[in-house]
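For reference, the structure discussed in these notes is given below.
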Amino acid sequence: MAKEKDKVISQIPVIWLHVSSCSGCSVSVLNSVSPKIKNLVVDEIIPQRKVNLLFQEVLMAASGKTALKILEDCEQAKPGNYILIVEGAVPVGGKGIFGTIGEDKQGQPRPMFELLKSISKEAMAVIALGSCASFGGISAAYPNPTGCVSVLEFFSQQKINKPVINIPGCPPHPDWFMGTVVDVLLSGLPGKECLDELRRPKIFFSKLIHESCPRRADFDVGRFARNLSEKGCLYMLGCKGPTTYADCPVRKWNDSVSWCVESGTPCLGCCEPEFPDFNAPYYEKTIPSSVNEEQDSEKGEK
Ligand code: SF4
Ligand code: SF4
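Everything in the sequence shown is counted per this note's numbering, starting at 11 for the first residue and increasing by one.
Structure representation (structure tokens):
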């Protein structure tokens, strides 16, 4: 009993800020199976280390002024060494009027980007969660009237120099998020060798979907589906597996039940910076077969 009492638990403060997002990334992560979200926010996720989730607007009971007060306290108290999770792209158009949180001292709407700028300054590291935060994604899709940019682009504009880990996906797989957070708690910030050139953790994003796809044998012999319900490779129906790096075919989704191609729909390339504008049109063959050959030979050379 005494031992239990004396146990020192170190807490890692986490602030989870939504900017221009649909909250789909939060919803996906809440569906994590192992560990469960409860394990992340309540338990010692690794012995004697736990997350102290200070602000997360989807999960927290507080709302309105009470919630804003928590955020203001975080901003002013500077809890130090905290991890900042950003969900959504950053709306910088129209001087920030398209996305505001609370009010400034003059009672005017406060642009999300100002809050992000302020809170990111003291962060130990920033996790850009989802394709909007990582690359702009749906929020920055043409014609992008709100002027949304990725977190890295925003930091570059504001000359903020912080280590950023991108976890793309529309939405991201819960394992990609949980695995990254637990890795940071266990081993600290990932070194450059652990991230790819787009700052995605290599452990999840080092292989093309196309390499591990169960329909790859169909591709190799030219057996292509012409309709979504047919067997065969979905390449002629616009599958972006040949240009998308993610482990969906081996990890699968929804507690390993299935994943896009297995359930009969082409990969949309949701983890790549080209998503959604430059991967369009969907459900039509858009990748020339030469790209596929180049990708394979590039990976072989690495
Ligand atoms: S093109 Fe798509 S469906 Fe066909 S083998 Fe590659 S990843 Fe699988
Ligand atoms: S298979 Fe493609 S579209 Fe589906 S979740 Fe994975 S990367 Fe995204």
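No residue lacks a Cβ here, since even glycine has one placed at the ideal position from N, Cα and C.
Everything numeric in this text was worked out from a predicted model, so none of it was measured.
query	result
For E82 and D265, I'd like the C-alpha separation in whole angstroms.	37 Å
Please state whether the Cβ-Cβ distance between P101 and C158 is less than 8 Å.	yes
Can you tell me whether G251 sits near ligand 1, meaning its C-beta is under 7 Å from at least one heavy atom of the ligand?	yes
Which residues does DSSP list as the beta-bridge partners of N3?	Look at the range of the chain in this structure, 11 to 312, and you will see that residue 3 is not part of it.
Do you know how far the Cα of P283 is from the Cα of A12?	Reliability of the predicted coordinates at A12 is poor, the pLDDT of 48 falling under 50, and the value obtained from them is presented with this limitation in mind. About 53 Å.
Can you tell me whether T76 is buried or exposed? The criterion is at least 16 other CB atoms within 10 Å of its CB, across all chains shown.	exposed
Tell me which same chain residues have a C-beta within less than 6 Å of the C-beta of P173, skipping the five on either side of it?	A135 and L199
Under the assumption that S160 contacts A99 (Cβ atoms under 8 Å), give the Cβ distance between them as a whole number of angstroms.	6 Å
Mind reading off the beta-carbon distance from V192 to I80? Whole number of angstroms is fine, and I expect it under 8 Å.	V192 to I80, Cβ: 25 Å. No contact.
Considering only the beta carbon of each residue, do I177 and T190 sit closer than 8 Å?	yes
For ligand 1, I want to know if L244 counts as a neighbour, meaning its beta carbon is within less than 7 Å of at least one of the ligand's heavy atoms.	yes
Less than 8 Å between the beta carbons of L63 and V24, yes or no?	yes
Taking the beta strand (DSSP E) that I25 belongs to, which residues open and close that run?	S20 to H28
Could you work out which residue in E294, L94 and S128 is closest to C249 when comparing CA atoms only?	E294
Looking at the secondary structure, which residues open and close the alpha helix (DSSP H) in which K212 lies?	K212 to F215
What number of angstroms, rounded off, separates the C-alpha of F288 from the C-alpha of Y255?	16 Å
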